[in-house]
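Using the numbering used here, you'd call the opening residue of the sequence shown number 195 and step up by one each time.
Worksheet: one structure, shown below.
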Amino acid sequence: MSPNLNKTIFKEAIPELSDAQAAAMDVVKSVRTTPRDNRFIAQNQAPHCWNRYNEWLLCLKNTKDEEGCKNMRQMAVSICPSIWTEKWDEEREESTYPGLKV
195 MSPNLNKTIF KEAIPELSDA QAAAMDVVKS VRTTPRDNRF IAQNQAPHCW
245 NRYNEWLLCL KNTKDEEGCK NMRQMAVSIC PSIWTEKWDE EREESTYPGL
295 KV
């Protein structure tokens with residue numbers, strides 16, 4: 195199972211991947227960032243980040259299904275700086291988060 199690589203860049207034969215390498219390649223291929231949101235047209239995406247994080251919390255609050263809201267968490271994490279999401283996660287644990295309460 196060899197990945198589909200650009201033949202003009204990779205002219206040599208593509209080596210076979212081990213199972214671990216193939217699994218890692220599948221994980222990398224599945225990573226996506228949040229889609230464009232026309233409500234946030236400015237270059238500063240901080241409001242978009244805040245909104246995505248709170249949309250994920252709203253999903254958790256309404257469905258109580260963490261696995262079902264996993265995609266929304268991924269969108270929040272992909273647009274927000276990790277230091278923000280880590281801080282907000284800690285604040286939620288301490289019940290001091292200023293956003294949506296779950």
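Ideal placement from N, C-alpha and C gives every residue a C-beta, glycine not left out.
Point to revise | Span of the alpha helix (DSSP H), counted from its first residue to its last, around ILE225 | key: If you number the sequence shown from 1, residue 225 lands on position 31. The residue asked about is misnamed: residue 225 is Val in this sequence, not Ile. Neither: VAL225 is in no alpha helix (DSSP H) and is coded neither H nor E.
Review point. DSSP three-state call for SER289: helix, strand or coil?
Key: Indexing the sequence shown from 1 puts residue 289 at position 95. The answer is coil: DSSP assigns SER289 none of H, G, I, E or B.
**Study point:** Beta-carbon contacts of ILE273 that lie in its chain and below 7 Å, excluding the five residues immediately before and after
**Key:** Position 79 of the sequence shown holds residue 273. Closer than 7 Å at Cβ, skipping near neighbours: THR227, THR228, GLN239, HIS242, CYS243 and ARG246.
Point to revise | Runs of alpha helix (DSSP H) lying entirely within the stretch 249-282, each at least 4 residues, in chain order | key: 264-273
**Study point:** Per-residue burial, LYS271 [other beta carbons within 10 Å of its own, 16 or more giving buried]
**Key:** Counted from its first residue, the sequence shown places residue 271 at position 77. According to the sequence displayed, residue 271 carries Val and not Lys. It counts as buried.
Practice item. Give a yes or no on whether the C-beta atoms belonging to VAL296 and LEU251 are separated by under 7 Å. Key: One-based indexing of the sequence shown puts residue 296 at position 102. One-based indexing of the sequence shown puts residue 251 at position 57. Their beta carbons are under 7 Å apart, which means VAL296 touches LEU251 by this criterion.
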